[in-house]
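Line by line, the protein sequences give chains A and B.
Just so we're aligned, residue 10 is where the first sequence starts under the working numbering, counting upward by one.
Just so we're aligned, residue 10 is where the second sequence starts under the working numbering, counting upward by one.
No residue lacks a Cβ here, since even glycine has one placed at the ideal position from N, Cα and C.
Have a look at the structure below, then the notes.
Number of protein chains: 2
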Amino acid sequence: MELSHYLGVFGGVSLVGISLTAAIFKKIVSHKNTDQRSAYIAKLIREGAMTFLKKEYSVLSVFIALVFAILSFVFTLASGLSFVCGALSSMLAGYIGMKAATRANEVTVIEAKDRGERAAFLTALLGGSVMGFTVATIGLLGLGLIFFLFVENNNYNFLNILVSFGLGASSIALFARVGGGIFTKAADVGADLVGKVEMGIPEDDPRNPAVIADNVGDCVGDTAGMGADIYESYVGSVIGSITLALYFYAGKLEYLSLPIMLCAIGLIASVIGLFSIFLFRTQLSKMLHYGTYVAIACFLAGSYAYLSCMNIDMALFGAITLGALSGVIIGLVTDHYTSGSPIHKLAETSKSGAGTNLIYGLSIGFESVVLPVCAIAIIVFITNQYCGSLFGVSLAAVSMLATVGITMSVDAYGPIADNAGGISEMSGFGPEVRKITDKLDALGNMTAALGKGFAIGSAVFASLALFSAFCLEAKIPALNLLDPVVITGLFIGGTMPFLLSALTMRSVGRAAWKMVIEVRRQFKEIAGLMEGKAEADYARCIEISTDAALWEMLLPGVLTILAPIAIKFGFGAQGNLALGGFLAGATLTGVVLALTMANAGGAWDNAKKYIEAGNFGGKGSDAHKAAVIGDTLGDPFKDTSGPSLNILIKLMSILSLLLATI
Amino acid sequence: MELSHYLGVFGGVSLVGISLTAAIFKKIVSHKNTDQRSAYIAKLIREGAMTFLKKEYSVLSVFIALVFAILSFVFTLASGLSFVCGALSSMLAGYIGMKAATRANEVTVIEAKDRGERAAFLTALLGGSVMGFTVATIGLLGLGLIFFLFVENNNYNFLNILVSFGLGASSIALFARVGGGIFTKAADVGADLVGKVEMGIPEDDPRNPAVIADNVGDCVGDTAGMGADIYESYVGSVIGSITLALYFYAGKLEYLSLPIMLCAIGLIASVIGLFSIFLFRTQLSKMLHYGTYVAIACFLAGSYAYLSCMNIDMALFGAITLGALSGVIIGLVTDHYTSGSPIHKLAETSKSGAGTNLIYGLSIGFESVVLPVCAIAIIVFITNQYCGSLFGVSLAAVSMLATVGITMSVDAYGPIADNAGGISEMSGFGPEVRKITDKLDALGNMTAALGKGFAIGSAVFASLALFSAFCLEAKIPALNLLDPVVITGLFIGGTMPFLLSALTMRSVGRAAWKMVIEVRRQFKEIAGLMEGKAEADYARCIEISTDAALWEMLLPGVLTILAPIAIKFGFGAQGNLALGGFLAGATLTGVVLALTMANAGGAWDNAKKYIEAGNFGGKGSDAHKAAVIGDTLGDPFKDTSGPSLNILIKLMSILSLLLATI
């Protein structure tokens, strides 16, 4: 097949992606909301989220300009420009996705009021799908354009430009995840501690000054942060895979372009999966699962046909299959630990106090590490045995992420449903509507847990692909654990996730503390607030979260970027060996810590909700109080520190790969 | 130097160790206590501890017999016998140390009453030194005898017998640590939850039915458990080092015997350090530090002289120095995080509730990982650069542990002082005596934190030595991280510490729950208990802790032993490669998790004590309640799950080394 044929396929699929996303976006945005109160609330949330994004992006533009200058100086202008494109593409995806999500939330409530559960559910899903397909389409477009423009140039420039693009996406992801995570948890913890615990008013009560900030937080943390995270995995795995293909299949365009083509197949499969959901008429949770399974099945069928047609080694299809399935496996394990029998036991241990709830909850987190990590390890092993090279492992990573259109749509559905619940409560829509949004929200909690598992799994696979690419590019023949330089790197790298977690946990603590002070002040100083006669100063709370997030994201971000550079140059001639060990250590402790945090956090959250549903004494009982304490620790676990680790390991890997090209 | 000369030195030093230990033991045990009440309380504690040890040892005898049969069948009868000797030596050390500690506690109270602070302090220290010097002497004797008996035989048999001895010591250590850890925390948490929180009676109140079990727990967890742990590190590092010497310096007796001779020098240096404490007249805490520094200085001087005399490569002296210093560095970092400014901030965060206390406490634990692990990594790097082989790294491990006599004495001082406080309270000795024992106890908390840091550091060094020995013995030329088999092993190994922690945390939760039920029952059913007119059924509480500990230690123990065997044989021809990766992964995540747990636990404990001392509202304030919740999570962290990880990584390493000799 000629290059032009590939370009044709790539261009066609990209067009499908663009037009579909634009159509859905228009459908969501053009919806009219005639209810004044809900339109007003939604506007507050939307403006808060967009203001945060704009402020964040203006801080980041300084960073981008700085790195652009460095890269242009050290490498080439093309490399610097590619970095800017990578960064801008991530920001653009976040912007479009957020714009849609912060409109879809109000449309969902209106649909719930006017047309019932199914319509509301589909609206929220469509709203999420804008983020899903924006990520998939922009990623495919960006990577594909660079690939087809530069692949026939000399290898060095090509790889360098490609990796710079990835670095751009990665660094934006880090700031988006850390900043978004701090924003959302400062608002959430602050709103709960004063509102729920001290003043005794319910969740999403409009009298709570931090309530809008809390809803904004769901958008900037769970939508924009998660989007940037998954976008980075998507881009990183493709780059890692292409780098490996350059070594193992130099000059063979059908192999070099395979990662890009798999993404194209995955995009089409995701479109089919999304529309298949509209055809199912069963429980909502099953509809989401089925849609994902349809997409994976179409992707596998499409890949099989493509590999056969192109005469590509069919052993690679084994790797593709395992990669696609591994996402499902990790999802099922996460589902068990965060909604199965462990949750009922955890809720029961809350009866004897916060101490036993904490001990048991953390033990669930620890245990939940074992199966997913062993599954990943075994998939790596089998893939390699079967394909005979690390290229297979990297293809598994690409394959896991190829159907990102549908997985990210399901993911982004969650915060929209959550927001819809908040808007309905604050607009006083009554129990009928609230019942629907509660149901949609509960479903969103499930998809959020699954999404986190998927994000961690994909981060590990992407990091492994980038790590292998780094070793090849750095011309390291072997990374021998018997070499003390490698051991030294391994141990130092192993501490990085703990350092980052310490910093981000503390940031949340500090920011939440400021929020508590402000909310207490408003309740005290604004006359009539508690009686519902005066309006709270929502904007001030949003400002506190925004400022805290922007300030507190800087140190973790800068440390993550400087650490690999310090290792590389600190160890002189042995820099690459030390850096290799460093990456392996950080990836290992990063994934186990991230899984512990995500699942312990999810377990505490759901145990609390299980008690609130009326079990073991229900709301206000001693068991509930104990469960709330567990949840407070779980909040930064699952929404700030845990997710930041995904980015940590990917960003350090891609940066190392770039350093190796020096 | 002839073999007989070495034997002479070894025999002489061993004799010094035996006679000194026997003399101190006799001095402690022969002390008469004429106060009936305190003698009675002390007898209850002593009998409880000894009953636990006897039951534990009878369960373990079945295990020992089983492994003896397997080893004799797979290897030789000598190997099986050596395993039994290793196991019995650890049990003997535990027995003697406990016997002394459970007499020294009451003698310390009497000395505090009759002769004041200094006399009581020195008594507690002497009591602890029985454990310290028993560990050092028995270790030296056992390893030395095997070394000198078999070193001139063929290498294979020699190494196999030596490693079997280590495996014996290791497996006993695992059960002692896990069992002791569960015993002590079940009693502690149970006593606190009902006694302090529900009934509002103070710590160590004789009306609390679990109070004796709590004091017994200090002995079996902190004395016997810690002793077995350090004994294992001591034995493991020497075995690892001798194995490496066999490769790098085959046939050179002065190098082969160097680890043993360093232990002999360290034993003499520890004796000098111990007695130097009697000469200092300053703050008690400084006396303990100075004693340790004197011992280290004497050890370094002695080693320097020895290496010069024997014409041994002086580069190795650099490794010895770094090893000895690394213990001090880890101790200082631990001290900062568990008693410095972080504690005051942690206590302050308790003001806004348990949530912020938990978030901040855990962030201290995470941060405390960074410096010690990086220090270890850099010491490994420098040692290797300087000595040119991994033998240097293993010597650093031996050197860190050579002065075990003094470090373990200081360690074992803690629980004796703690017990003394309990006995004084229960015997109604009044505020004067209590003030002294409180001061000794506070000092014990500091030494306990340092001891935990030392135990973790020594475990890492011992594991690294054993790991290198394993790779050499398994004839692995390189353990390449680019090989997917190694990566698979690395990831699976990395989950082991999380699995073990999940199991042990849950065991503590279950056992504490049983204790809570029993203590509540006694308060309800025993008439006059709360008024102090009837005596509680202490024995029943001890029985609950004992049974729980013995049952719950089995699963973690068996899993730890089976895992490396499963990896080795599950991966067939690639078994050793996978096992190498597995060990590296387990060691890395084990050390970071152990440090997090030890230091977060210590921080929560000390923040609670800081508030109890009258800060931020003092006892009974909201800040205090929040701090108690943090401490409840910290209890199993620092005394059960964290310490168990030290054993996990050492036991799996030594077992792998044995598997490699097949």
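Within 7 Å, strictly: CB atoms of residue i and residue j
i: Thr513 (chain B); j: Thr649 (chain B); result: yes
i: Met417 (chain B); j: Met140 (chain B); result: yes
i: Ser665 (chain B); j: Ala222 (chain B); result: no
i: Gly502 (chain A); j: Gly594 (chain A); result: yes
i: Ala87 (chain B); j: Phe34 (chain B); result: no
i: Ala678 (chain A); j: Cys272 (chain A); result: Within the shown structure, residues of chain A are numbered from 10 to 671, placing residue 678 (chain A) beyond reach of any answer.
i: Ala674 (chain B); j: Asn655 (chain B); result: Lying outside 10 to 671, the shown extent of chain B, residue 674 (chain B) is not represented and no answer is given.
i: Lys618 (chain A); j: Ser179 (chain A); result: no
i: Gly148 (chain B); j: Tyr15 (chain B); result: no
i: Ala386 (chain A); j: Thr497 (chain B); result: yes
i: Asp420 (chain A); j: Gly460 (chain A); result: yes
Cβ shell of residue i (< 8 Å), same chain only, five flanking positions each side left out
i: Ser436 (chain A); result: Asp44, Arg46, Ser47, Ile50 and Val118
i: Phe19 (chain A); result: Leu149, Gly153, Phe157, Ile269, Met270 and Ala273
Beta-carbon proximity list for residue i, same chain, < 6 Å, skipping 5 on both sides
i: Leu586 (chain B); result: Val494 and Val495
i: Pro645 (chain B); result: Lys194, Met514 and Val517
i: Ala458 (chain A); result: Thr343, Thr347 and Gly611
i: Ala429 (chain A); result: Asn114, Thr117, Val118 and Thr446
i: Val177 (chain A); result: Here the sequence assigns Gly to residue 177 (chain A), which means Val is not the residue at that position. Result list for Gly177 (chain A): Phe92, Gly95 and Ala96, in chain order.
i: Ser81 (chain B); result: Gly89
i: Ala558 (chain B); result: Gly188, Ile191 and Phe192
i: Gly249 (chain A); result: Ser403, Ala474, Leu475 and Ala478
Cβ-based neighbour list, residue i, same chain, cut-off 7 Å, excluding 5 preceding and 5 following
i: Ile73 (chain A); result: Val93 and Ala96
i: Thr30 (chain A); result: Val139, Phe142, Thr143 and Thr146
i: Arg186 (chain A); result: Gly234, Ala237, Asp238, Pro652, Ser653 and Ile656
i: Phe742 (chain A); result: Lying before the first or after the last residue shown, residue 742 (chain A) is absent from chain A, which here runs from 10 to 671.
i: Leu564 (chain A); result: Leu512
Boundaries (first-last residue) of the alpha helix (DSSP H) holding residue i
i: Phe14 (chain A); result: A small fix is needed here, since residue 14 (chain A) is His in this sequence, not Phe. Leu12 to Val38 is the extent of the alpha helix (DSSP H) around His14 (chain A).
i: Leu490 (chain B); result: Premise fails: Leu490 (chain B) is in no alpha helix (DSSP H) and is neither H nor E.
i: Ala377 (chain B); result: The displayed chain sequence assigns Ser, not Ala, to residue 377 (chain B). Counting along the chain, Ser377 (chain B) falls outside any alpha helix (DSSP H), and DSSP gives it neither H nor E.
i: Leu459 (chain A); result: Gly439 to Glu482
i: Ser665 (chain A); result: Gly651 to Ala669
i: Ile553 (chain B); result: Tyr547 to Glu561
i: Met539 (chain B); result: No alpha helix (DSSP H) holds Met539 (chain B); DSSP gives it neither H nor E.
i: Lys41 (chain A); result: That residue, Lys41 (chain A), is in no alpha helix (DSSP H); it is neither H nor E in DSSP.
i: Glu434 (chain A); result: Val413 to Met435
i: Pro486 (chain A); result: Run containing Pro486 (chain A): none; DSSP gives neither H nor E here.
i: Ala603 (chain A); result: Gly584 to Glu621
i: Thr641 (chain B); result: Asp631 to Pro645
heavy atom of the ligand ADP below 6 Å from residue i C-beta
i: Ala636 (chain B); result: By its list of ligands, the structure shown contains no ligand whatsoever, and the ligand ADP lies outside what it can speak to.
Practice prompt. Any chance you could list the alpha helix (DSSP H) runs of at least 4 consecutive residues sitting entirely within the region 341-372 of chain B, in chain order?
Written response: 350-358
Worksheet item: Of all the residues that make up the region 211-224 of chain B, which are near chain A by a beta-carbon distance shorter than 9 Å?
Response: none
Discussion item. Quick check for students: name the residue ranges of the alpha helix (DSSP H) that lie wholly in the region 85-145 of chain A, counting only runs of 4 or more.
Written reply: 86-123
Item to complete: Enumerate, from N- to C-terminal direction, the unbroken alpha helix (DSSP H) stretches of 4 or more residues contained entirely within the region 249-323 of chain A.
Response: 262-265, 267-288 and 293-318
Discussion item. Under 8 Å, CB to CB, which of the residues in the region 356-372 of chain B have a partner in chain A?
Written reply: Thr358, Ser361, Gly362, Ala363, Gly364, Thr365, Leu367, Ile368, Tyr369, Leu371 and Ser372
Fill in: Segments of 4+ residues assigned as alpha helix (DSSP H) that fall wholly inside the region 182-228 of chain B
220-226
Item to complete: Note down, in chain order, all residues in the region 617-643 of chain A with a beta-carbon under 7 Å from any beta-carbon belonging to chain B.
Response: Ile638, Thr641 and Leu642
Worksheet item: Going along the region 585-612 of chain A in order, which residues come within less than 7 Å of chain B, judged by CB to CB distance?
Response: Gly589, Ala593, Gly594, Leu597, Thr598, Val601 and Thr605
Worksheet item: If you measure beta-carbon to beta-carbon, which residues of the region 519-540 of chain A are closer than 9 Å to chain B?
Response: Ala521, Trp522 and Val525
Discussion item. Counting only Cβ-Cβ distances shorter than 8 Å, please list the residues of the region 382-393 of chain B near chain A, keeping chain order.
Written reply: Val382, Cys383, Ile385, Ala386, Ile387, Val389, Phe390, Thr392 and Asn393
Discussion item. Output needed in chain order: residues of the region 548-571 of chain B with a Cβ under 8 Å from some Cβ in chain A.
Written reply: none
Practice prompt. Anything in the region 40-74 of chain A with a Cβ closer than 8 Å to a Cβ of chain B? List those residues in chain order, please.
Written response: none
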